[in-house]
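**Q**
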Amino acid sequence: MCAHGWAGQTQLHFWFWRRISQSEIRKIAAAKKEAAKARAGKNSFPPAPFLFARPSVPKTMIKYFIYCRKSSEDEERQILSIEAQLTELREFAKQNNLFVVKEFYESKTAKEPGREVFNFMMSEIEKGHASGILAWNPDRLARNSIDGGRIIYLVDTGKITSLKFPTFWFEPTPQGKFMLSVAFGQAKYYTDNLRENILRGIRQKIRRGELSAKAPLGYFNEPRLRTIEPDKKTFNKVKEVLRAFATGEYTLTKIQSKMFSLGLVGREGKLLHLSTIQGILKNPFYYGHFLYRGELHQGSHKPMISKKLFDRIQEALISNGKPRKKRGPKNFQFLNFAVCGECGYSITAERHIKKSGLKFVYYRCTHKSKTQNCSQTHFLREEILTEQVKENCQKVSLPDDWREKYLERVNIWEKENSQSSNLFAQNLKIKLSAIKTKIDRLMDGYLEGSFELVEFQEKKNKLMAEKKDIEEKLSDFERKGNHWLELTRNWILEANQAKNLILSENFSEMKNFLKTIGSNRRLAAGKLAIDFKNPWNYLAEMPAEARGEA
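Its first residue numbered 895, the sequence shown is counted upward by one per residue in our numbering.
1. Which of the three DSSP states, helix, strand or coil, is assigned to residue 1078?
2. Near residue 911, which residues of its chain fall below 7 Å by C-beta distance, leaving aside the five closest residues on each side in sequence?
3. Which term fits residue 1193, buried or exposed, when burial requires 16 or more other beta carbons within 10 angstroms of its beta carbon?
4. Using 10 angstroms around the beta-carbon of residue 1037, count the other beta-carbons present and answer buried if the total reaches 16, otherwise exposed.
5. Over what stretch of residues does the alpha helix (DSSP H) that includes residue 1417 continue unbroken?
6. If you follow the beta strand (DSSP E) that residue 1435 is part of, which residue opens it and which one closes it?
7. Decide if residue 1248 is buried, meaning its Cβ has at least 16 other Cβ atoms within 10 Å, or exposed.
8. Go through the segment 1125-1162 residue by residue and report every complete run of the alpha helix (DSSP H) that reaches 4 residues or more, in order.
9. Opposite residue 1239 in the DSSP bridges: which residues?
10. Rounded to whole angstroms, what's the CA-CA distance from residue 1016 to residue 1170? Just pull it up for me.
11. Where does the unbroken beta strand (DSSP E) through residue 1026 begin, and where does it stop?
12. Per DSSP, which one or two residues make a beta bridge with residue 1191?
13. Would you say residue 1352 lies against chain D (beta-carbon separation less than 8 Å)?
14. Here's the rule: buried if 16 or more other CB atoms are within 10 angstroms of the residue's CB, otherwise exposed. What is residue 1412?
15. Once the 5 residues before and after residue 1234 are set aside, which same chain residues still bring their CB inside 8 Å of it?
16. Per the contact definition of three or more C-beta pairs closer than 8 Å, is the segment 1355-1367 in contact with the segment 1178-1188?
17. Give the secondary structure of residue 968 by DSSP, where H, G and I count as helix, E and B as strand, and everything else as coil.
18. On the criterion of 16 or more Cβ atoms from any shown chain inside 10 Å, does residue 1034 qualify as buried, or is it exposed?
19. To the nearest angstrom, how far is the alpha carbon of residue 1408 from that of residue 1262?
20. Helix, strand or coil for residue 1422 per DSSP?
21. Could you pull out every residue in the same chain whose Cβ sits closer than 7 Å to the Cβ of residue 1096, ignoring the five residues on either side in sequence?
22. Assess, as a yes-or-no matter, whether the segment 1326-1335 is touched by the segment 1278-1290 under the definition of 3 or more beta carbon pairs within less than 8 Å.
23. For residue 1030 versus residue 1059, is the C-beta distance shorter than 8 Å?
24. Assign residue 1231 to one of two classes, buried (16 or more other C-beta atoms within 10 Å of its C-beta) or exposed (fewer than that).
25. Does residue 956 come out as helix, strand or coil in the three-state DSSP assignment?
26. Roughly how many angstroms separate the alpha carbons of residue 1435 and residue 1293, rounded to a whole number?
27. Using 8 Å for Cβ pairs, my map puts residue 1156 next to residue 1131. What's the rounded Cβ distance?
28. If you run the structure through DSSP and keep just helix, strand and coil, what is residue 1037?
29. Three-state secondary structure (DSSP) at residue 1099?
30. Between the segment 1018-1029 and the segment 1039-1059, can you find at least three pairs of beta-carbon atoms closer than 8 Å?
31. Taking C-alpha atoms, which residue in 1111, 1120 and 1185 lies nearest to residue 1161?
32. Going by C-alpha distance, which of 958, 1339 and 1211 is nearest residue 993?
33. Applying the criterion that 16 or more other CB atoms from any shown protein chain within 10 Å of the CB defines a buried residue, is residue 1432 buried or exposed?
34. Is the beta carbon of residue 1005 closer than 8 Å to that of residue 1061?
35. Can you tell me whether residue 979 is buried or exposed, with buried defined as 16 or more other CB within 10 angstroms of its CB?
36. Since residue 1000 and residue 1009 should fall inside the 8 Å C-beta cutoff, what is the C-beta to C-beta distance between them, to a whole number of angstroms?
Next comes the structure, spelled out in structure tokens:
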């Protein structure tokens, strides 16, 4: 932004007449008298263009440009600072009888070249429209070597004959140019040093586990302590949203509506954008870590959810993360249950009516991939898929007699608990120590140049996630003691209930049960495959005889 000259012609004339010498005023007055005499003797008007044209500036008078700059983009602070500079520089020009032809000002950092107003002013000087610059301090003109060198070069070539600063002395002599280059170098050093100090402060905050950025939704930046604390108004609401999405029953559009109903809105009270919601669901800050420049760090803030719940959210994002078009109710039992085993795109359902009037439901790949030619053209009837769902539930079910055997074994473990508990905790601590050692070695390898930055960040983020998992397990164990025995007992009872679930023919419950205990549900060549989570995978891999099914 710049202002060219005074606001109006009257002010410019006033400024000029106030600055010209007394001898020039006397010459102009004498010329006016001669013109008046000529008009009295003749009826015609004599040629006297200087009576109407702006008087020329004496050749000895240097034309100056005023230049003001403020680096802050904060509009209120910017205007006040520039106005203060203008006031001081105008007063300085008045006191020192400097002829100012234009004023330039802008709100832009000078640590890098490319300031539009500054470049325009320099081009005007190169054209000869002025040969002097009036600024508050040399650091207002340049904080980088390119702009500073450009000014010194124009001084060397005579394009700039005068530089005036209320806070700095300059003369176009070797000593003056040397002092000017020192001033520009000092300004650059200040910028570089300030940047390094800021980065050092940020690195120190990261070591303390403090994110140096705007707090995510559910938290706020505490200005006094400069920490990130839970926001009482939104913390529990965001927590409710994250837990709801982890169930796998919500798409992004549904969770968007839920957030709106809870009062979690964007600017002007509108719905949060889907990309914003996706960023919230992927943000590791909510389980106690945070990303800085692509690298995962341990946070000191209060986590909102566990790492286990965060992993479930990521799984739900893969299956339900893309918004779908609204369709009428079709009542397909296994829609949104699995993906294509070849291309990874969703499985759709279709209802076909035969000539006889019989109705059949088929499941197939949507073939939406634009980069892969999916060969899965098989149509799978719902009845066959239903049997496969039952078979997978059967794989992880326990009959009544085996339930009693396993529960009896848990009771024995409970009696032997004291020794095994200590061993379990010790194993977790050994694993945790080993991961910390790996992270330290990885850091040493990166500093020695053994890894590229991208590879280092990828490996470190993976180790940090493993470290968080073990820390949560150890924390749960220390807090709950023998809670693992209770979890095992509940797992046995839940596996026994899976048998009753099969007999109930409640396919909606079966679908939700398999979603909870398994991931990566896929259909390929008419076969349903599921990756069962621990400990359900042990049951699924057992022969039927071992589960008591034979």
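Note that beta-carbon positions come from the ideal geometry of N, C-alpha and C, so glycine has one too.
**A** Working from what's here:
1. Walking along the sequence shown from the start, residue 1078 turns up at place 184. Residue state, collapsed to three classes: helix.
2. One-based indexing of the sequence shown puts residue 911 at position 17. Because the pLDDT at residue 911 is just 40, under 50, the model does not fix this residue reliably, and the point stays unresolved.
3. Your numbering for residue 1193 matches position 299 in the sequence shown. The residue in question, residue 1193, is buried, as its Cβ has 16 or more Cβ neighbours within 10 Å.
4. In the sequence shown, counting from the first residue as 1, residue 1037 sits at position 143. By the neighbour-count rule (16 or more Cβ atoms within 10 Å), residue 1037 is buried.
5. As a working mapping, residue 1417 is identified with position 523 in the sequence shown. Taken as a continuous stretch (DSSP letters only), residue 1417 belongs to no alpha helix (DSSP H), being part of the beta strand (DSSP E) at 1412-1418.
6. Numbered from its first residue, the sequence shown carries residue 1435 at position 541. Where residue 1435 is concerned, there is no enclosing beta strand (DSSP E), although the alpha helix (DSSP H) it sits in stretches over 1430-1435.
7. If you number the sequence shown from 1, residue 1248 lands on position 354. It is exposed - the Cβ of residue 1248 has fewer than 16 other Cβ atoms within 10 Å.
8. 1129-1140 and 1146-1155
9. Your numbering for residue 1239 matches position 345 in the sequence shown. DSSP, once it has assigned bridges, lists no residue as partnering residue 1239.
10. The residue given as residue 1016 occupies position 122 in the sequence shown. The residue given as residue 1170 occupies position 276 in the sequence shown. Each residue's alpha carbon lies about 44 Å from the other.
11. Here residue 1026 refers to the residue found at position 132 when the sequence shown is read from its first residue. Segment 1026-1028, the beta strand (DSSP E) holding residue 1026.
12. Within the sequence shown, numbered from 1, the residue matching residue 1191 stands at position 297. Residue 1191 is bridged to 1184.
13. Any reference to chain D falls outside this structure, which holds one protein chain only.
14. Residue numbering aside, residue 1412 sits at position 518 when the sequence shown is read from its first letter. Label assigned to residue 1412: buried.
15. In the sequence shown, the residue the question calls residue 1234 occupies position 340. Counting only Cβ-Cβ distances below 8 Å, and skipping sequence neighbours, we find 1240, 1241, 1259, 1260, 1268, 1270, 1416, 1417 and 1418.
16. yes
17. Numbered from its first residue, the sequence shown carries residue 968 at position 74. For residue 968, the predicted structure reports a pLDDT of 47, less than 50, and the residue's modelled location is therefore unreliable. The matter cannot be settled from this model.
18. Translated into the one-based positions of the sequence shown, residue 1034 becomes position 140. Result: buried.
19. In the sequence shown, counting from the first residue as 1, residue 1408 sits at position 514. In the sequence shown, counting from the first residue as 1, residue 1262 sits at position 368. Using only the alpha carbons, I get a separation of about 25 Å.
20. One-based indexing of the sequence shown puts residue 1422 at position 528. Three-state result, residue 1422: strand.
21. As a first step, residue 1096 is located in the sequence shown; it is residue number 202 there, counting from the start. Cβ within range, chain order: 1106.
22. A contact is defined here as three or more CB-CB pairs under 8 Å, and the segment 1278-1290 fails this definition with respect to the segment 1326-1335.
23. Taking the sequence shown and counting its residues from 1, one reaches residue 1030 at position 136. Taking the sequence shown and counting its residues from 1, one reaches residue 1059 at position 165. Result yes, Cβ atoms of residue 1030 and residue 1059 sit closer than 8 Å.
24. Along the sequence shown, one-based indexing puts residue 1231 at 337. By the neighbour-count rule (16 or more Cβ atoms within 10 Å), residue 1231 is buried.
25. Locating residue 956 in the sequence shown gives position 62, counting from the first residue. In this structure, residue 956 counts as coil in the three-state DSSP scheme.
26. Reading the sequence shown from its first residue, position 541 is the one you call residue 1435. Reading the sequence shown from its first residue, position 399 is the one you call residue 1293. Taking the straight line joining both Cα atoms gives about 16 Å.
27. The count along the sequence shown starts at 1 and reaches residue 1156 at position 262. The count along the sequence shown starts at 1 and reaches residue 1131 at position 237. 5 Å between Cβ atoms; contact.
28. Within the sequence shown, numbered from 1, the residue matching residue 1037 stands at position 143. Residue 1037 falls in the coil class under three-state DSSP.
29. Here residue 1099 refers to the residue found at position 205 when the sequence shown is read from its first residue. Helix.
30. yes
31. Within the sequence shown, numbered from 1, the residue matching residue 1161 stands at position 267. Residue 1111 is the option with its Cα nearest to residue 1161.
32. The residue you call residue 993 lines up with position 99 of the sequence shown. Answer by Cα proximity: 958.
33. On the sequence shown, position 538 is the one that residue 1432 refers to. Answer is exposed; the Cβ neighbour count stays below 16.
34. As a position in the sequence shown, residue 1061 is number 167, starting the count at 1. As a position in the sequence shown, residue 1005 is number 111, starting the count at 1. Cβ distance not < 8 Å, so residue 1061 and residue 1005 don't count as in contact.
35. Residue 979 sits at position 85 when you count from the first residue of the sequence shown. Residue burial annotation: residue 979 is buried, with at least 16 other C-beta atoms found within 10 angstroms of its C-beta.
36. For the purposes of this step, residue 1000 is taken as residue 106 along the sequence shown, with counting starting at 1. For the purposes of this step, residue 1009 is taken as residue 115 along the sequence shown, with counting starting at 1. Between residue 1009 and residue 1000 the Cβ distance is about 6 Å, and since that is below 8 Å, they are a contact.
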